[in-house]
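Each residue of the sequence shown is one higher than the one before, starting from 905 at the first, in the numbering used here. Working notes, beginning with the structure itself.
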Amino acid sequence: MSELGARASGQGRIFQTSGDQHIEEHHHHYGAGAGGPLFGRAVSPSTGGGPTAPDSVRMPLVGRAPGILRDREQLRETLGAAVAGAGGEVHVVHGMGGCGKTALAYWLFNEAVREHGRVGFWVNASERMSLRAGMLAVAGDRGAATGELAAAAAGQRAAADLVWHYLDHSTEPWLLVLDNADDPSVLEDGAWLRTSPRGTVLVTTRHATSPLWRGPGVSRYPLGVLPLDDAAQVLCDLAPDAGDLESARKVAERLGRLPLALTLAGSHLAHQLLESWSMDEYDRKLGEESTVIVDQGAAGRGGGQSRQLVGRTWQLSLDTLAEQGLPEATTLLRLLSFLAADPVPLSVLVPVARGEVTLGGLEPALRPEQLEPTLKGLIDHSLVELVNVDGSRCVRAHGVLLDSVAGGVPEGRRAIVMEAAASLLEAALPGEGSDSPATRSRLALLTPHVTRLLAVAADERTAILGVRTLRQVYESGDYAAALALAPTVVESVRGVLGAEHRLVLEAEHLQGTALFRMGRFAESEQLHRRVLERREALLGADDVDTLHSCAALSQPLDLLDRDEESERWKRRALDGYRRVLGEDSREALFIWCELIEVLPQLRKEQELAEEGPALLRACERVLPPDHPTMILARHDYAYGLFEFGRHEEAEPMARQVLADRIRLQGPDHPLTLSATSLTARITHALGRTEEAIRMMKELSEHRARVLGHEHPFAAHDRAWVTTWQAAGRG
């Protein structure tokens, strides 16, 4: 007999009675004719696409199929009638963690697909990233184009509107399961929860009273523990040789008749190696170590008690692992409990196995040679599972289990476990300054764990880790992800260090730069101005961070057409960098590039003629040819030459910049799109109008897909095309 393993945070387990019946997982791939590649749940929204992940929203990714679903007959009848009907409703099943909500959803999914011919979709709604990526997968399945998905995944257009447009226009009726929606704000932000005449929505959640569940077309159903006889039968289903129904009733009652606890207990009884406990012996074991946890679970009061009950159950499995020579299982599970319920890349643990990272102070110690057998032991006892996310092998534990484990870490040991978890993440973060797709994918996997560690163990070290992660996400070019992450980091770090700490100001500075990159120029200016004022007061006018704020403030001012003010801040930053860091410092060269860009807007041709060549010589002297600042210098000088009518000089430089951008950063990077725009305008100025219109049309369509139709740069592209076409007709 086997259990239906949970798939993500807060998910229940399902039980079967007809032996191990494994789901055969079918992967659905869609070519260009069907809207491009599927954006599976494991695709990072920061990358906007990539190869289809092994898991699919067309399958309920919960492990094994149940043979019998105990109890729930009345609710099954109600939900079965809903998927047999026309649709247009939302059904919310709520209850404590582990009470079988996912088991019920799995049954309804199969009922809808097999009996009523509906298309089934299964999306993990436990947090924003998995919900967003999963819903985009649904849109891709229903026909959304690759460009539309990329724009929505990058955060440049209303993703929920895109998804529901394609759901509303689906040619087939559907069932959409939003599993583990334990934080209703995840659905509320962006208005993800809607009704549609083409389908039925089922939400599983621990949250019973959210106003979101009280909207029009939404029905709510509480789900509690099992009746005693059904609960006892679950244990007999899973461990038929461990005792009779009467013995099972006693164990079931002690375990509070909670499905997840019953499933873990039955699995423990069925898979013992060193000892063979009967159900009566298992009951006596629980009695000898009886705590208020068991009583609370038996009373069935609330999610917090259920989590503690589960903690008592999994501890027995950990005891068995310790008896088998793997006491490190407890240590590893405690480490994972300080991270998120999201998949943890196995590469995070590799440095420990190789002895490259030492995690001191843990008890029992996590010995390198024991790491792999410990992982295998946790997997064998259904405490963790292996998953593949976007090509990365990961380990994932159930969210309820992790919460229980974290709550059971002795107060005197919490700081040690936190330090070890922080060490793992610090070593796992990619090197700074990289903006490759692989870097963005790795950061997308690690970011939830950094934010989780900030939430459960916030101190100066984790604050530094949070700001470092935010900085790397921004520098990787994933500006939408940086903007989404910034408020969480700012709030957490401010709570630890106080509003005026240098690190808090850095986090707010990064938030301001992300706002600028996302086209929210006025907000960026306001935030940078506030940070600048505080930095100048606290750190002084010549502190490097203050100079960073001067440089950052100049950027939105430039695009808000306040060119003179922008130039003043750029010159102040440039003078300060030269004075504090040196004439050839990279900071000075970078802001010098930006100054070159604003000079044509102020019609300062003589200054450009003097400073442009000087900038190029300085960059060539101290920077490698492919350094981002070197390429930026060429771009900005070519722009200045173009603005002053020196088109023949500008063209070869602009085309070289475009080629370098494509080679180093790919065709979709925002800076590549800017280089394309400049090259098209120079081409038009040289009289090659048809070529220029073609280039700008392609750019306009590309930017609209990637950035969204409303982004200022996309609007500018469309305006150029319209102007050139009108001039040609005239």
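All C-beta atoms, glycine included, are put in the ideal place defined by N, C-alpha and C. All figures in this text were calculated on a predicted structure; none of them were measured in a lab.
Contact check, residue i vs residue j, beta carbons under 8 Å
i: His1353; j: Val1254; result: no
i: Val1393; j: Val1371; result: yes
i: Leu1374; j: Ala1361; result: no
i: Pro1616; j: Phe1548; result: no
i: Asp1133; j: Arg1158; result: no
i: Met963; j: Trp1026; result: yes
i: Leu1168; j: Val997; result: no
i: Gly991; j: Gly1121; result: no
i: Leu1443; j: Val1484; result: no
i: Leu1240; j: Met1183; result: no
i: Leu1082; j: Val1129; result: no
i: Ala1558; j: Ala1542; result: yes
i: Ala1596; j: Trp1628; result: yes
Residue from the options whose Cα sits closest to the Cα of residue i
i: Ile1368; options: Ala1558, Glu1227, Ser1396, Glu1547; result: Ser1396
i: Leu1270; options: Thr1234, Val1299, Gly991; result: Thr1234
i: Thr1108; options: Leu1071, Leu1290, Phe1013; result: Phe1013
i: Pro1334; options: Ser1327, Pro1341, Leu1347; result: Leu1347
i: Pro1532; options: Ala1618, Asp1093, Leu1290, His1573; result: His1573
i: Met1033; options: Trp1096, His1073, Val1023, Gly1021; result: Trp1096
i: His1432; options: Ala1390, Glu1412, Val1067, Leu1236; result: Glu1412
i: Gly1409; options: Val1448, Ala1388, Glu1330, Leu1225; result: At residue 1409 the sequence reads Leu, which differs from the Gly that was named. For the residues Val1448, Ala1388, Glu1330, Leu1225, the minimum Cα distance to Leu1409 belongs to Val1448.
i: Ala1388; options: Arg1036, Pro1460, Ala1326, Pro1163; result: Arg1036
i: Arg1297; options: Leu1250, Leu1328, Leu1275, Pro1314; result: Leu1250
i: Glu1031; options: His998, Ala1310, Ala1085; result: Ala1085
i: Phe1425; options: Arg1398, Ala1441, Leu1464; result: Leu1464
i: Ala1522; options: Ala1492, His1551, Gln1510; result: Ala1492
i: Gly1044; options: Gly1059, Ala1063, Ala1029; result: Ala1063
i: Ile1495; options: Ser1458, Glu1524, Glu1469, Lys1508; result: Ser1458
i: Ala1384; options: Pro1529, Ser1182, Arg1061; result: Arg1061
i: Arg1607; options: Met1422, Ala1441, Glu1511; result: Met1422
i: Ala1319; options: Leu1349, Arg1438, Asp1363, Gly1281; result: Asp1363
i: Asp1382; options: Pro1077, Glu993, Ile1283, Ala1055; result: Ala1055
i: Thr1006; options: Arg1110, Leu1053, Ala1057; result: Arg1110
Cβ separation of residue i and residue j, assumed to be a contact under 8 Å, to the nearest whole Å
i: Ser1380; j: Arg1344; result: 5 Å
i: His1539; j: Leu1582; result: 7 Å
i: Ile1586; j: Ala1554; result: 5 Å
i: Leu1008; j: Arg976; result: 6 Å
N-terminal and C-terminal residue of the alpha helix (DSSP H) that residue i is part of
i: Thr1006; result: 1005 to 1014
i: Glu1404; result: Counting along the chain, Glu1404 falls outside any alpha helix (DSSP H), and DSSP gives it neither H nor E.
i: Arg1271; result: Looking at the DSSP string, Arg1271 is not in any alpha helix (DSSP H), and its letter there is neither H nor E.
i: His1588; result: 1574 to 1589
i: Ser1453; result: 1448 to 1463
i: Gln978; result: 977 to 988
i: Leu1149; result: 1149 to 1158
i: Thr1050; result: 1050 to 1057
Residue range of the beta strand (DSSP E) that includes residue i
i: Ala1301; result: 1296 to 1301
i: Val1107; result: 1103 to 1109
i: Pro1126; result: 1122 to 1126
i: Val1254; result: Here Val1254 belongs to no beta strand (DSSP E); instead the alpha helix (DSSP H) covers 1254 to 1257.
i: Trp1026; result: 1023 to 1028
Collapsed DSSP secondary structure at residue i in the structure displayed
i: Gln1209; result: For Gln1209, the predicted model reports a pLDDT of 36, less than 50, meaning its position is unreliable; a value from the coordinates is still stated below. Helix, per DSSP.
i: Gly1416; result: helix
i: Gln1629; result: helix
i: Glu993; result: coil
i: His1432; result: helix
i: Val1377; result: helix
i: Pro1341; result: helix
i: Trp1473; result: helix
i: Pro941; result: The pLDDT assigned to Pro941 is 29, lower than 50, so where the model puts this residue is not dependable; a value taken from the coordinates is nonetheless given after this. Pro941 falls in the coil class under three-state DSSP.
i: Leu1164; result: helix
i: Asp1488; result: coil
i: Glu1289; result: strand
i: Leu1089; result: The question names Leu, but residue 1089 is Ser in the sequence shown. It is helical.
i: Leu1079; result: strand
i: Pro1314; result: coil
i: Pro1528; result: coil
i: His998; result: strand
i: Asp1621; result: helix
i: Ser1074; result: coil
i: Val1248; result: strand
i: Ser960; result: coil
i: Ser1100; result: strand
i: Phe1242; result: coil
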